[in-house]
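The block underneath contains the structure these notes are about, expressed in structure tokens.
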Amino acid sequence: MRRKTKFKNQNRKNIINKEIKYKINSEIRSKVVRLVGKNIKPKVYPLKQALKIAKDLSLDLVEINPKVTPTICKAMNFSKFLYNLKKSKKKYKKNVILTKEIRLTSQTNIHDLSFKIEKAKKILKSNKKVKFYIFFKGRSIFSKDLGEKMLLKCIELLSNITKVEIPPRMEEKKMFIVLIPKVSHKLNENENKKKEIKKEIKFKKKN
28 MRRKTKFKNQ NRKNIINKEI KYKINSEIRS KVVRLVGKNI KPKVYPLKQA LKIAKDLSLD
88 LVEINPKVTP TICKAMNFSK FLYNLKKSKK KYKKNVILTK EIRLTSQTNI HDLSFKIEKA
148 KKILKSNKKV KFYIFFKGRS IFSKDLGEKM LLKCIELLSN ITKVEIPPRM EEKKMFIVLI
208 PKVSHKLNEN ENKKKEIKKE IKFKKKN
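And the structure:
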């Protein structure tokens, strides 16, 4: 039974390893490596010796920087490392709000503007950011003030459901604004409050 469990764990590691592209243990091809890790003095070892040190510590030898000579390897719990890596990626993706772009002109008429405002509302309600932008082509660059008024009008029309993340800004020939949904803003505030409460609870437990 023990052998089967070891085989399953190794197979699981190999599947994830191919996805993340880390070389571990027998996959490492360098003859000598610089070994690092917790409670390990950084030093250059022959690969066989580095593998033995990691094995004696019940850890994996993981190649973390193959682009230097000698290759840098770390003795670590590889499964735990991958778990924490995936966890941090999920957390990052959860906090990222996608941005959708909507193009305007400084001469956009009322009908077209109302259509684009409705489109922006749908985007914002799906918890995404909206980037309104105006591209000034040729002589239209001289009507930047009209472009700014158009963008400020968008902010005004959406003020009840948005927060302004980036006010009118000019980059080369493009002027833009970025609006963020008020709901996501409140969610971020709630998450910060929850973190503060957890910290207080941990502090009280320690004392």
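For what it's worth, our numbering labels the leading residue of the sequence shown as 28, then goes sequentially. Positions of the beta carbon are idealized from the N, C-alpha and C atoms, including for glycine. Because the structure is a prediction, the values reported are computed rather than measured.
Among the options, whose alpha-carbon lies nearest the alpha-carbon of residue i?
i      : options                        : result
Ser53  : Lys65, Lys68, Lys75            : Lys75
Ile55  : Leu179, Ile161, Lys101         : Lys101
Asn136 : Met177, Asn104, Lys68          : Met177
Leu151 : Pro93, Asp83, Asn187           : Asn187
Pro73  : Val89, Glu198, Val59, Tyr110   : Val59
Pro69  : Lys200, Lys82, Arg166, Ile99   : Ile99
Asp83  : Met103, Gly165, Leu184, Lys117 : Met103
I'd like the list of long-range same chain contacts for residue i, defined as Cβ closer than 7 Å, with 5 residues on each side in sequence excluded.
i     : result
Asn44 : A caution first: Asn44 carries a pLDDT of 43, below 50, which makes its placement in the model too unreliable to give a value.
Ile67 : Ala102
Ser57 : Leu74, Pro97, Thr98
I need the straight-line Cα distance from residue i to residue j, nearest angstrom please.
i      : j      : result
Thr132 : Lys143 : 12 Å
Lys65  : Leu86  : 11 Å
Thr126 : Lys158 : 7 Å
Tyr49  : Asn92  : 9 Å
Ser141 : Leu109 : 48 Å
Lys148 : Leu88  : 52 Å
Lys94  : Ile80  : 23 Å
Lys171 : Pro97  : 57 Å
Lys107 : Val63  : 17 Å
Glu199 : Val191 : 21 Å
Lys139 : Asn111 : Looking at the sequence itself, residue 139 is Asp, so the reference to Lys does not match. If I take the Cα positions, the gap works out to 48 Å.
Leu184 : Glu145 : 10 Å
Ser115 : Glu90  : 20 Å
Glu128 : Arg196 : 15 Å
Arg166 : Glu175 : 16 Å
Can you check whether the CB of residue j is closer than 8 Å to the CB of residue i?
i      : j      : result
Pro194 : Ile204 : yes
Asn154 : Ile124 : yes
Lys164 : Thr189 : no
On the criterion of 16 or more Cβ atoms from any shown chain inside 10 Å, does residue i qualify as buried, or is it exposed?
i      : result
Arg61  : buried
Lys156 : buried
Phe105 : buried
Can you name, in chain order, every residue of its own chain whose Cβ lies under 6 Å from the Cβ of residue i, other than the five neighbours on each side?
i      : result
Leu173 : Ser133
Lys201 : Tyr160, Phe162
Leu78  : Leu88
Using a beta-carbon distance below 8 Å, is residue i in contact with chain D?
i     : result
Lys94 : The structure shown contains no chain D, having only a single protein chain.
Enumerate in chain order the residues of its own chain whose CB-to-CB distance from residue i is below 8 Å, with the five nearest sequence positions on each side excluded.
i      : result
Ile168 : Lys200
Lys180 : Leu140
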